[in-house]
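The numbering of the sequence shown is the working numbering, which starts it at 55 and goes up by one. Ideal Cβ positions, reconstructed from N, Cα and C, are used throughout, including at glycine. Take a look at the structure below.
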Amino acid sequence: MAHITQWFSNIDWNLFWAKTISEVVKIIILLVLYFILKWLGRKLIRSFFLRYRTQQLVSEGRAKTLESLILNVFGYLMFFTFAILILQNFIDITAIVASAGIAGLAIAFGAQGLVSDVVTGFFILLERQLDVGDNITLDQVNGNVEALGLRTTQVRDFDGTLHFIPNRQIIVVSNHSRGNMRILVDVRIAPTADAEQAIAIIKRVCELEKANNKNIVDGPVVLGVQEVSAVATVIRVIGKAVNGEQFEVQRNLLKDIREELVIHQIELPMSYLAPLEPGK
Numbered sequence: 055m056a057h058i059t060q061w062f063s064n065i066d067w068n069l070f071w072a073k074t075i076s077e078v079v080k081i082i083i084l085l086v087l088y089f090i091l092k093w094l095g096r097k098l099i100r101s102f103f104l105r106y107r108t109q110q111l112v113s114e115g116r117a118k119t120l121e122s123l124i125l126n127v128f129g130y131l132m133f134f135t136f137a138i139l140i141l142q143n144f145i146d147i148t149a150i151v152a153s154a155g156i157a158g159l160a161i162a163f164g165a166q167g168l169v170s171d172v173v174t175g176f177f178i179l180l181e182r183q184l185d186v187g188d189n190i191t192l193d194q195v196n197g198n199v200e201a202l203g204l205r206t207t208q209v210r211d212f213d214g215t216l217h218f219i220p221n222r223q224i225i226v227v228s229n230h231s232r233g234n235m236r237i238l239v240d241v242r243i244a245p246t247a248d249a250e251q252a253i254a255i256i257k258r259v260c261e262l263e264k265a266n267n268k269n270i271v272d273g274p275v276v277l278g279v280q281e282v283s284a285v286a287t288v289i290r291v292i293g294k295a296v297n298g299e300q301f302e303v304q305r306n307l308l309k310d311i312r313e314e315l316v317i318h319q320i321e322l323p324m325s326y327l328a329p330l331e332p333g334k
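Here it is in structure tokens:
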């Protein structure tokens, strides 16, 4: 007990409290500075990309991708920088850095996958293979890119499932959102119908569609009879449409062609139903 009392009596309390208050004030100043700089930095980054989107210097998807990535990188840099500044008030950072070599080597073996994810993600961004909003196919996953980071890529498929794909597993990227897309419509008429008359009608419909639909950028062109069988004669139509609108263009074109064929009494193929045998 006497030793404890002597230890307390040897403390210069004025110096102790002065140093403690000084360190607390430093930490408070650093924390306030951290939140101010973080808020200001995020605001400037968002303002920068908003201006670029307004001026259409980059695509919407590309701007969102880069904005999200830069915000994340900025957040990590701010956190680690201020964490080091605060910690060096209590411990010797240089000693930790020197001793981190051995620990870092051990961690590196366990973090090979993470490093591979980051490197692959960096090159995906650098080469502009993907952007937020793109419709893509990655292996067996098809959907729209919702987020693209240095470690993972998030893809939401048609039924709403959100897939988190490590970047190192991305081998082949099929991007369906680059350039105009092909449209293909196969029109089936009865094998006994007049194919030449049907082709003439389809050509007129295609000309009207091209004049009235701004999403059609090339064609549509009637190639002619594609297939003849005992069930139907197939007439093929091809063209190109604005990316993302190709399926709507195909549906409208097929609907309008069918209506015109019915109006001009071009016989359409009948569905074959096998008659039920008695007792079945």
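Distance between V276 and V169 (C-alpha atoms, nearest Å)
When rounded, the distance between both Cα atoms is 52 Å.
Once DSSP output is grouped into helix, strand and coil, what is the label at Q304?
helix
Do you know how far the Cα of G197 is from the Cα of V186?
11 Å
Can you name the start and end residues of the alpha helix (DSSP H) that Y204 belongs to?
Residue identity differs from the one stated: residue 204 is Leu in this sequence, not Tyr. From DSSP, L204 is part of no alpha helix (DSSP H); its letter is neither H nor E.
Output needed for E412: all residues of its chain with C-beta closer than 6 Å, excluding positions within five of it in sequence on either side, in chain order.
Nothing can be reported for residue 412: it is not among the residues displayed for the chain, which extend from 55 to 334.
Bridge partners of D240, per DSSP?
R290
For L159, collect the residues of the same chain with a Cβ closer than 8 Å to its Cβ; drop the 5 residues on either side in sequence, then sort them by chain order.
Bear in mind that the predicted position of L159 carries a pLDDT of just 49, short of 50, making it too unreliable to give a figure here.
Determine the closest residue to R210 out of P220, S228, V226, I190, with distance taken between C-alpha atoms.
It is I190 whose Cα lies nearest to the Cα of R210.
Between G293 and G273, is the Cβ-Cβ spacing less than 8 Å?
yes
Straight-line Cα distance separating L94 from F133
14 Å
Check whether the Cβ atoms of Q183 and N229 lie closer than 8 Å to each other.
Between Q183 and N229, the gap from beta carbon to beta carbon is short of 8 Å.
Bridge partners for I270 per DSSP, in chain order?
Paired residue(s): A295.
Taking the alpha carbon of V78 as the point to measure from, which residue in E321, L141, S101 has its own alpha carbon closest?
L141
Residues near I219 by beta carbon distance below 8 Å, same chain, minus five either side
L192, V195, T206, T207, Q208, V209
Give me whichever residues DSSP pairs with P220 in a beta bridge.
DSSP output for P220 lists T206 as bridge partner(s).
Are I75 and N143 close, meaning C-beta to C-beta below 8 Å?
no
Buried or exposed, going by whether 16 or more other CB atoms sit within 10 Å of the CB of I243?
buried
Can you tell me the Cα-Cα spacing of D188 and A254, whole angstroms?
In a straight line, the C-alpha of D188 is about 38 Å away from that of A254.
Go through its chain and collect everything with a Cβ distance to S231's Cβ below 6 Å, but skip five positions before and after it.
D188, N189, N297
List the whole-angstrom C-beta distance separating V172 from L204, where the pair is believed to meet the contact cut-off of C-beta under 8 Å.
5 Å
When you compare each of A247, I225, G214 to Q319 by their alpha carbons, which one comes out closest?
Of the candidates A247, I225, G214, the one whose C-alpha sits nearest the C-alpha of Q319 is A247.
Are the Cβ atoms of I256 and I317 separated by less than 8 Å?
No, these two residues do not count as a Cβ contact at 8 Å.
Between the Cα of L87 and those of P245, F136, Y130, spot the shortest distance and give me the residue it belongs to.
F136
Name the residue from Q223, R222, F212, G175 whose alpha carbon lies nearest to the alpha carbon of A201.
G175
Which whole-angstrom value is the C-beta distance of I99 and I124, which I expect to be below 8 Å?
6 Å
Measure the C-alpha to C-alpha separation of N221 and L104 and round it to an integer number of angstroms.
27 Å
Between V291 and the rest of its own chain, which residues show a CB-CB distance below 6 Å, the 5 nearest in sequence each way excluded?
Within the same chain, V239, P274, V276 come within 6 Å of V291 by CB-CB distance, once the 5 residues on both sides are set aside.
If you check the beta carbons only, do P245 and V271 fall under 8 Å apart?
no
Just verifying my parser: in three-state terms, what is the DSSP assignment at M235?
Of the three classes helix, strand and coil, the one that applies to M235 here is strand, per DSSP.
Examine chain B for any beta-carbon lying closer than 8 Å to the beta-carbon of V241, and answer yes or no.
Of the protein chains in this structure there is only one, and it is not chain B.
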